[in-house]
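So the sequence lines, in the order shown, correspond to chains A, B, C and D.
Going by our numbering, the first sequence opens with residue 814, and the numbers climb by one from there.
Going by our numbering, the second sequence opens with residue 4, and the numbers climb by one from there.
Going by our numbering, the third sequence opens with residue 74, and the numbers climb by one from there.
Going by our numbering, the fourth sequence opens with residue 196, and the numbers climb by one from there.
Even for Gly, the Cβ is constructed at its ideal location relative to N, Cα and C.
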Amino acid sequence: MEVLYYPGCSLKNTYPEFEKSTYAACEKLGINLVEIPEWNCCGVVPSLATDNVMRHLGAVRSFINAQEKGKEIGTNVVVTLCSMCYNVLKRVNLILKEQADVLKNVNDFIDDQPDYVPELEIVHFLNLLKNVGFDKLKERIVIPLRGLKVAPYYGCALLRPDRPKGVPIDDPENPTVIENLIRSIGAEPAEFPFKTECCGNYHIVFEPGIVEMRTKKIIGSARSEKADVILSPCPLCTYNLQHGNETLDRSEQVPVIFFTQLLALSLGVKSHLSTEMENQILKKIGGEKFV
Amino acid sequence: MSALTAHRERPTKEKIGVFVCHCGRNIATTVDTKRVVEEILKHPAVVHAEDYDYVCSSPGQELIEKAIKEKRLTGFIVAACSPSLHETTFREVAERTGLNPYKCEIANIREQDSWVHEDKEKATEKAIKLTKSAVEKVIRNEELEPIKVGLYKKALVIGGGIAGIRAALDIADAGFPVVLVEKGSTIGGHMAKLAETFPTLDCASCILTPLMSAVAHHSNIRLLTLSEIMDVEGYLGNFHVRIKKNPRYVDPEKCNLCNDCVDICPVTVSSEFDEGLSLRKAIYIPFPQAVPSSYLIDLDACLGMNPITCGKCAEPDICGPEAVNFDDQTEIIEEDIGVIVVATGYELYNPENIGEYGADKYLDVITSLQFERLLSPSGPAVGIPKRPSDEKIPKRIAFIHCVGSRDERHQPYCSHICCTYSAKHALLFKELVPDADIYSFYIDIRAVGKNYEDFIRRVQEEAGVHYIRGKVSRIYEQDGKVKIFGVDTLLNKRIEIEVDMAVLALSMVPAHGIEDLASKMRIQIDGSGFLQELHPKLHPVESATSGIFLAGAAQSPKDIQDTVAQASAAASKALGILTQEKISHIPTVATVDTDLCSGCRLCISVCPYGAIKLIDEKAEVKEVLCEGCGACVSTCPSDAISLRNHTDEQVSSMLKALVGEI
Amino acid sequence: MDIGFEPRIIAFLCQWCGYQGADMAGTSRLKYPPSIVSIQVPCSGRIETKQVLEALSKSDGVLIAGCHTPNDCHYVSGNFKCLKRVTLLKKFLKQVGINPARIRLEWISATEGRKFARVAREFTNEIKELGPFDFNGKSSQEIKAKQDSKLRLKEMGGKENE
Amino acid sequence: MNELAERVKEISDQNVYSCYLCGNCSAGCMFTDEMDTLPHQVIALVQMEDKDALEKNTSWICASCFVCSVRCPRGLDVAAIMEALREIKIRERGFRKIDLRKIKDIEKLPQIAITAAAQKFTW
């Protein structure tokens, strides 16, 4: 399967292990990620002002490049890993699909590139996995992570807002897709109530106190459900949760990793986890033999 | 008073009299009635005209009678107040004097003339035009008789909850046979599940079970449980109904309620009657007072009567009377029915749709009906509510109002009863567990009903409930506690509290399958999915289809008081029809000129009553179904359909009169 | 416009709402110009385009009042049928050069006497502004369509129900 | 509709008069500890055309997590209303909420955090 891939900035700088583990897993699963040429910043947070379409432009420029590349390889599916990129691209794409006047405005403004015809489909990698099928995924697992209790953390951007319709990748209140992934790689999902609560988002920049307060609650909730590790789909959530861990005693911390790292580990390919983390997990599943 | 008689040659054989009313000064101040009389006499069809102070009075009516007799009038006009006031009065005068009532028309020169205009001359001109227009109409009116049809003197009541029970008993007590159809295995509906009822705190069973028993023993009531309506054909007085009666597998006539079959049955499933809070067997009785008083077999749960797998309950040493019958079959029952009462009730909204409250995940987040069962002395907790997770008596309970109500994502309407029953829950619980802490989260307290406000006050004063104005955003369980994210919008404080159990006052939604039933009966569904009444104020129990009445929560969320009141109202409407020998139907219906009809079917598609059928490629109006709206008339591209006494010709000549061309 | 011009307006009023609303205006003694004369119809869905046109041919304006949409029609959906017809008729009038403002459709309930009186006053003023309507006038720019109007209306009668 | 509500509607396409002040947004908001005024109160202020709504810190603490928006029983996008209140201030001539040059540990922070803050706090 060949799909277009929009990486976003964090995967190239702050968290290369997110992208690298994904590439490793995809190779094993027969998914070929074709990076969009000359992609640019998505905008990170979607503008909620309906009277200002300028903030959509970044996303649209990447769409146009994706559209042209898509024609070459014959696909209109764009996969993202970072949940913030997903949220912005999905929203902007849906707005352009629904509102012809906005589309015209944007296309008129971008006169140095071909017009964008809103036929791309923006898909998060989790949904791509769901479409591949968790049952099929299960068959490819080399190291089933039996005995590992994993807290699936969704954050906001994959589940909210619910307008335009179609943004959430799952039920906004009771999502199950990460749980299904966790089960398919042999681990046990922890039902922790704070899985959809906000980590504090961009407040890390000017008001880190807010983020500390939020992440302590999230980590505490995962801990009280005896989670060995928190699985995150979002670079900013990961950063904030790790920041939260740093303010806690070692005994109160719960390590945070990307879902693709655990997937890669179970598929028997390079997980790009720290050696310490990887050993810790393997020890937990009684798999010293793998070490 | 003046009476003038015209002596001119007339082209029409109609002889019309015109009576212009002064209405005291109401008309006469603004309209020159004398001039109206003078002018109208110039109309070729008018042979008599006069004016009088009060035409509606006895002497006024006598004037009309006298003129009809003396001048051999073929019709007459009263130029007076609106037809909605005295049209019936004057048509009765016509009938008394030997004229067809449809040979009387009213010219409205009060409400639409003298009362709204000041210029006397112009108002008089207008009065003349309006009167002439009425003359033009009446000379073209057909003499019509009300359409009379016979009827079946039997009622069908659909739904065996308190609404259906009340309606069936009222009709049966008046001496008419009733077929009561209930989908479930027993009548009683939701009320049978309740502990006590607000605001009087009557025990629900104590007031309901005698009525259920009365239904069971009433010689005029044929009770069909486990039954559904398959189809309804016909019209007011002459419905033909087919009912599917599903097998019970236990003969109620033979069953003696010994319970031996239940003891031996190896299968347990969760009990619908206890809202999933207890278990029952595959052969069971929903509750001891069920009517019909008999066990039944849930064939989906039953292992079957194959002796290898089971079939124990059917063995003669278990069921002595041989009541268990695995060969029981589905029956199709046909009934001829005169009137129908629809009382299909409600359901609670599915809490799984409200993800943020987690009722599907957390055992101690329960529905209001589950709490009723926990409070009920006959319920699974034997009267002292215990929380489902660990069977401990909860000390802190939160009641959440408006769950799924007044919410665009779920039901936009107010469910009407939740404020009061949540208060009742709090009061009853406090009586059982005096040291309990009770939190009640509300948006507004809507206790609208007789004595309801007193009841709320009593709960606030006696039960010491913490009423918190603010909606709850989220409920979850952690560390064995139910946690609630709420807000107090009066203190403007966000609150997070821990409780032992949360009770959701879920919104009421129409019973499952209502749309299907409504379309079978050609009754309307409103925007919220409930059955639509003909008019919310003037016809609150009638459906748009004559002869079909609505009762209870099928029409809108309501409490027991209102349900019973509406059920009795529906029964009285039904009796109003059943007591007649013949049914009258308005004769001003549509009629087809088959020579002109091309069989295009457009009329069939626009008729809201299904009154038109195609017979031999020609439209035919079933007169008793036609309500005379004229939608077919204006649609017919061949001018083949006309409306009696509102023909194109009449409209055309009235228009001419209105602009002074006549 | 001519100050002395007194417009002639014909109102088609449905018996359940529009007519009752007009009665209510009377009961409340609300004044409006005597230029309006009404004709009661069972339902606004009974009103035909050709009748409206016939009325217009004899007057300066036609008012139609029925029960409120969507749910108030006594006959379930007659008001929608009327709405469709009037919408189409207005388009037709525009095409043949008649100002569609000479026809006005209003939803007036039995309790809305105030609204009826207001509409009657407003509409009279509007028609005064438009001036007298000469359906048969040879020179009038507003009408050339009388000859073939019947035929075309028949066509519309079929289409409006699609 | 008052002028402030009108302005909010222009920017966010949300009619604040739909709000019946049930408080659901405030109940679910994880940031109220830092707010001087609860979200539903701010909406009430806008309904009353109280310009104080713009001076409260509520809209600036809002992290656009959309919990309020997905749960609002009146279907209001509360986060969009908060954004509109921010925008009204941000679009004022000379108004500056933050100084991007004063970010601490800028080299440690992920780009998305900085960009997001810039998107929400600057014009």
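Own chain residues within Cβ distance below 8 Å of residue i, not counting five before or after
i                     : result
residue 621 (chain B) : 595, 597, 600, 602
residue 243 (chain B) : 235, 236, 237, 337, 338, 339, 340
residue 901 (chain A) : 855, 856, 857, 858, 859, 872
Collapsed DSSP secondary structure at residue i in the structure displayed
i                     : result
residue 230 (chain D) : coil
residue 118 (chain B) : coil
residue 594 (chain B) : strand
residue 173 (chain C) : helix
residue 36 (chain B)  : helix
residue 511 (chain B) : strand
residue 58 (chain B)  : coil
residue 21 (chain B)  : strand
residue 399 (chain B) : strand
residue 489 (chain B) : strand
residue 645 (chain B) : strand
residue 62 (chain C)  : The structure shown does not extend to residue 62 (chain C), since chain C is modelled only from 74 through 235, so no value can be given for it.
residue 78 (chain B)  : strand
residue 209 (chain D) : coil
residue 66 (chain B)  : helix
residue 909 (chain A) : helix
Cα-Cα separation, residue i to residue j
i                      : j                     : result
residue 994 (chain A)  : residue 911 (chain A) : 32 Å
residue 221 (chain C)  : residue 123 (chain C) : For residue 221 (chain C), the predicted structure reports a pLDDT of 47, less than 50, and the residue's modelled location is therefore unreliable. A value from the coordinates is still provided. Residue 221 (chain C) and residue 123 (chain C): Cα-Cα distance of roughly 12 Å.
residue 135 (chain B)  : residue 137 (chain C) : 21 Å
residue 235 (chain D)  : residue 974 (chain A) : 18 Å
residue 180 (chain B)  : residue 158 (chain B) : 6 Å
residue 659 (chain B)  : residue 52 (chain B)  : 21 Å
residue 349 (chain B)  : residue 534 (chain B) : 11 Å
residue 91 (chain C)   : residue 115 (chain C) : 10 Å
residue 157 (chain C)  : residue 638 (chain B) : 12 Å
residue 197 (chain C)  : residue 632 (chain B) : 29 Å
residue 553 (chain B)  : residue 634 (chain B) : 26 Å
residue 1048 (chain A) : residue 824 (chain A) : 8 Å
residue 201 (chain C)  : residue 85 (chain C)  : 19 Å
residue 213 (chain C)  : residue 143 (chain B) : Annotation note: pLDDT 45 at residue 213 (chain C) (below 50); position unreliable, no value reported.
residue 435 (chain B)  : residue 387 (chain B) : 6 Å
Per-residue burial, residue i [other beta carbons within 10 Å of its own, 16 or more giving buried]
i                      : result
residue 118 (chain B)  : buried
residue 1062 (chain A) : exposed
residue 278 (chain D)  : buried
residue 862 (chain A)  : buried
residue 291 (chain D)  : exposed
residue 235 (chain C)  : In this prediction, residue 235 (chain C) has a pLDDT of 37, which is less than 50 and means its spatial position is unreliable; nothing more can be read from the coordinates.
residue 167 (chain C)  : exposed
residue 494 (chain B)  : exposed
residue 1041 (chain A) : buried
Own chain residues within Cβ distance below 6 Å of residue i, not counting five before or after
i                     : result
residue 255 (chain B) : 295, 297
residue 315 (chain D) : none
residue 69 (chain B)  : none
Same chain, Cβ closer than 7 Å to residue i, five either side skipped, listed in chain order
i                     : result
residue 209 (chain D) : 203, 271, 272, 275, 276
residue 431 (chain B) : 198, 199, 378
Taking Cβ-Cβ distances below 8 Å as the criterion, which residues of the region 261 to 285 of chain D are in contact with chain A? 261, 262, 264, 265, 272, 274, 275, 278, 279, 282
Given a limit of 8 Å on CB to CB distance, which residues of the region 979 to 994 of chain A reach chain B? 984, 985, 986, 987
Chain A contacts made by the region 499 to 510 of chain B, where a contact means CB separation under 8 Å: Of all residues in the region 499 to 510 of chain B, none has a C-beta nearer than 8 Å to a C-beta of chain A.
Which of the residues in the region 109 to 124 of chain B, read from start to end, lie with their CB under 7 Å from any CB of chain C? 113, 114, 115, 118, 119, 120, 121, 122
Anything in the region 289 to 318 of chain D with a Cβ closer than 7 Å to a Cβ of chain A? List those residues in chain order, please. 293, 298, 304, 305, 306, 307, 308, 309, 310, 311, 312, 314, 315
Tell me which residues of the region 904 to 918 of chain A have at least one Cβ-Cβ distance to chain D shorter than 7 Å, keeping chain order. none
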